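Colleague:
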Ligand code: BGP
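Now the structure itself:
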């Protein structure tokens with residue numbers, strides 16, 4: 001046994017990191033449009049208004065808005081079966097609370113999906129990939145306000161109705177657990193909430209300096225769960241064939257030693273990071289452990305009403321999807337230093353190497369993760385919707401880009417994935433992250449490249465946006481053509 005015949009091979013991006021055209025076609029401002037870039041040592045800076053003369057990475061990003069035909073043709077050439085992107089909420093409802101959707105925004109995605117169709121590519125659409133309209137943050141404090149649930153559901157059903165014959169695979173919220181992993185990024189990116197004093201600041205400030213309110217964060221996350229479940233319920237009414245999934249930022253943990261204290265710390269961290277959110281969306285309930293975790297964190301769970309519980313039960317997702325980039329260790333030894341990672345760092349694994357951004361490279365961890373998920377959610381198809389290697393690429397004199405490090409990363413991860421499938425994991429697809437170079441969500445850098453396709457765009461704002469194939473382009477094309485058999 002190997003990958004199933006109809007396995008969904010492809011790539012993934014998000015509107016805010018790729019599309020650009022940030023005020024074109026009637027689009028409103030969304031959260032990432034207000035974030036300046038940082039780097040591996042410098043967090044991103046935020047201010048409530050766009051500042052003149054500053055370079056905002058997402059404003060033009062890598063300009064899918066004007067290059068979508070060329071880019072989708074390249075994805076088609078690679079043989080993509082699926083293309084994951086997001087609809088930018090503020091392109092459809094520029095302020096989030098508008099009475100009517102923006103026709104120009106809707107028409108843009110019609111053109112994108114029609115283009116995919118030409119190459120037999122299934123769109124996999126995230127409804128909210130860190131793209132909350134800014135007005136929702138300013139006026140409602142994001143998902144802390146229950147009215148925002150209705151706004152999201154209206155946005156979701158508008159998209160479901162419009163694209164019901166063009167899109168079958170949907171994800172509600174990207175990495176919904178970011179609300180727990182990273183208090184600051186989670187509040188703003190994930191929940192659209194911001195302390196009112198922070199909102200009123202007169203100078204740009206580091207994202208890491210934002211105030212946190214744990215109780216409110218859990219309440220807002222709960223409202224997101226309800227919004228997601230309602231979207232699933234409404235989506236199935238509009239088209240019973242829709243496959244609607246959640247999306248978890250899967251941070252896989254290992255105990256640093258076999259000392260029982262490390263084992264307990266590992267178990268708790270794993271549950272907190274991954275399964276707390278996964279359980280609500282897949283099992284449709286807060287389990288006893290979930291209530292225990294909230295108690296331990298001093299969170300009063302009385303915001304979970306009986307009516308909400310019914311909605312969560314009814315709005316269970318059809319598939320579990322996640323990102324997988326790296327693993328980290330948990331240690332109870334205070335002398336163990338932690339390093340970087342996606343949204344949350346940990347103690348580095350002495351047996352493994354890391355990327356230039358400190359993300360530990362661990363293909364076997366992917367197999368472990370898939371098997372863990374398959375045993376936790378036995379009747380749920382799984383999809384890895386993000387996996388990739390952020391690296392500095394060098395363009396040679398003749399324009400070629402020899403990204404062997406990226407090929408090596410993917411080869412080993414696909415091998416591990418294949419083993420997991422052979423051992424019984426019901427994996428239905430795999431979309432590599434940043435199949436074309438995009439802006440980094442964590443640092444805002446363009447220099448942190450993930451693509452098979454290079455885009456001439458740089459952190460000082462320069463570049464002509466031209467596209468060129470890296471060596472990994474032909475390699476991935478061959479992998480898809482052989483359904484994951486030829487990985488050389
Ligand atoms: C995930 C996000 C993506 C993406 C990726 C890589 O958490 O869903 O949006 O950006 O991480 O992270 P980064 O861009 O910080 O390298």
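Residue numbers (our numbering): 1 to 488. All residues carry an ideal CB built from backbone N, CA and C; glycine is no exception. Computed from a predicted model, the values in this text were never measured in an experiment.
Start and end of the alpha helix (DSSP H) containing residue 469?
Modeller: Looking at the DSSP string, residue 469 is not in any alpha helix (DSSP H); the run it does join, the beta strand (DSSP E), is 467 to 469.
Colleague: Applying the 10 Å Cβ sphere with the 16-neighbour rule, what's the burial state of residue 378?
Modeller: When all chains shown are included, residue 378 counts as exposed.
Colleague: Is any heavy atom of the ligand BGP found at a distance shorter than 8 Å from the C-beta of residue 443?
Modeller: Yes, the Cβ of residue 443 comes within 8 Å of a heavy atom of the ligand BGP.
Colleague: Terminal residues of the continuous beta strand (DSSP E) containing residue 84?
Modeller: Residue 84 -> beta strand (DSSP E) spans 82 to 86.
Colleague: Going by DSSP in three states, residue 453 sits in which element: helix, strand or coil?
Modeller: It is a strand residue.
Colleague: Using the C-alpha atoms, what's the distance from residue 3 back to residue 95?
Modeller: About 43 Å.
Colleague: Helix, strand or coil, according to DSSP, for residue 59 in the structure here?
Modeller: If DSSP states are grouped into helix, strand and coil, residue 59 belongs with the helices.
Colleague: If contacts are defined as beta-carbon pairs under 8 Å, then residue 428 and residue 373 qualify, I think. What distance do you get, rounded to the angstrom?
Modeller: The pair is not a contact, with the Cβ atoms about 13 Å apart (cut-off 8 Å).
Colleague: Comparing C-alpha positions only, which one of 18, 380 and 301 sits nearest to residue 66?
Modeller: Nearest of 18, 380 and 301 to residue 66, Cα basis: 18.
Colleague: Would you identify the three-state DSSP class for residue 203, choosing helix, strand or coil?
Modeller: Reduced to three states, the DSSP call for residue 203 is coil.
Colleague: Contact criterion: CB-CB distance below 9 Å. Does residue 339 meet it with respect to chain B?
Modeller: Of the protein chains in the structure, only one exists, and it is not chain B.
Colleague: Flag residue 448 as yes when its Cβ comes closer than 8 Å to any non-hydrogen atom of the ligand BGP, and as no otherwise.
Modeller: True, at least one ligand heavy atom lies under 8 Å from that Cβ.
Colleague: Return the chain-ordered list of same chain residues with a C-beta closer than 7 Å to the C-beta of residue 266, the five sequence neighbours on each side being excluded.
Modeller: Taken in chain order, the residues that qualify are 253, 254, 255 and 330.
Colleague: Taking only the alpha-carbon atoms, compute the straight-line gap between residue 207 and residue 175 and give it to the nearest angstrom.
Modeller: For residue 207 and residue 175, the distance between alpha carbons rounds to 18 Å.
Colleague: Taking just the CA atoms, how far does residue 412 sit from residue 151?
Modeller: If I take the Cα positions, the gap works out to 42 Å.
Colleague: At which residues does the beta strand (DSSP E) containing residue 250 begin and terminate?
Modeller: Taken as a continuous stretch (DSSP letters only), the beta strand (DSSP E) holding residue 250 covers 248 to 255.
Colleague: Taking only heavy atoms of the ligand BGP into account, decide whether any of them is closer than 8 Å to the Cβ of residue 170.
Modeller: Not so, every heavy atom of the ligand BGP lies at least 8 Å from the Cβ.
Colleague: Using 10 angstroms around the beta-carbon of residue 35, count the other beta-carbons present and answer buried if the total reaches 16, otherwise exposed.
Modeller: By the 10 Å Cβ count, residue 35 comes out buried.
Colleague: Considering only their Cβ atoms, is the gap separating residue 15 from residue 62 smaller than 9 Å?
Modeller: No, these two residues do not count as a Cβ contact at 9 Å.
Colleague: Please confirm whether any heavy atom of the ligand ADP lies closer than 8 Å to the CB of residue 386.
Modeller: As for the ligand ADP, it is missing from this structure, which binds only the ligand BGP.
Colleague: Count the CB pairs spanning the region 185 to 202 and the region 150 to 170 that are closer than 8 Å, and state whether there are at least three.
Modeller: No, because fewer than three Cβ pairs between the region 185 to 202 and the region 150 to 170 fall closer than 8 Å, the two stretches do not touch.
Colleague: Note down the Cα distance separating residue 561 from residue 387, rounded to an integer number of angstroms.
Modeller: The chain is shown from 1 up to 488; residue 561 falls before or after that span and cannot be answered.
Colleague: Give the DSSP bridge partners of residue 430, in chain order.
Modeller: In DSSP, residue 430 forms a bridge with 9 and 384.
Colleague: Kindly identify the DSSP beta-bridge partner or partners of residue 133.
Modeller: In the DSSP output, where bridge partners are listed per residue, residue 133 has 30.
Colleague: Hey, quick one: how far does the alpha helix (DSSP H) through residue 223 stretch, first residue to last?
Modeller: It spans 214 to 238 - the alpha helix (DSSP H) in which residue 223 sits, taken as one unbroken run.
Colleague: Compute every distance between the C-beta of residue 366 and the non-hydrogen atoms of the ligand BGP, then say whether any falls below 8 Å.
Modeller: For the ligand BGP, not one heavy atom lies less than 8 Å from the Cβ of residue 366.
Colleague: Any idea what DSSP makes of residue 186, helix, strand or coil?
Modeller: Three-state result, residue 186: helix.
Colleague: From residue 304 to residue 198, what does the alpha carbon distance come to, in whole angstroms?
Modeller: Rounded to the nearest angstrom, the two C-alpha atoms are 28 Å apart.
Colleague: Can you give me the start and stop residues for the beta strand (DSSP E) that residue 323 sits inside?
Modeller: 320 to 330 is the span of the beta strand (DSSP E), which, as asked, contains residue 323.
Colleague: For the alpha helix (DSSP H) that contains residue 306, what are its first and last residues?
Modeller: First-last of the alpha helix (DSSP H) with residue 306: 306 to 314.
Colleague: Give a yes or no on contact between the region 28 to 46 and the region 435 to 447, applying the rule of three or more CB pairs nearer than 8 Å.
Modeller: Yes, since at least three Cβ pairs between the region 28 to 46 and the region 435 to 447 fall closer than 8 Å, the two stretches touch.
Colleague: Please return the same chain residues whose Cβ sits closer than 8 Å to the Cβ of residue 121, not counting the five positions on each side in sequence.
Modeller: Within the same chain, residue 121 has close Cβ partners 10, 72, 75, 76, 80, 81, 82 and 83.
Colleague: Since residue 122 sits in a beta bridge, which residues does DSSP pair it with?
Modeller: 82.
Colleague: Do residue 123 and residue 108 have their CB atoms nearer than 9 Å?
Modeller: No, Cβ-Cβ distance for residue 123 and residue 108 is not below 9 Å.
Colleague: Just to confirm before moving on: does the CB-CB distance between residue 342 and residue 480 stay below 9 Å?
Modeller: For residue 342 and residue 480, no; Cβs fall outside 9 Å.
Colleague: Comparing C-alpha positions only, which one of 246, 258 and 291 sits nearest to residue 173?
Modeller: Residue 246 is the option with its Cα nearest to residue 173.
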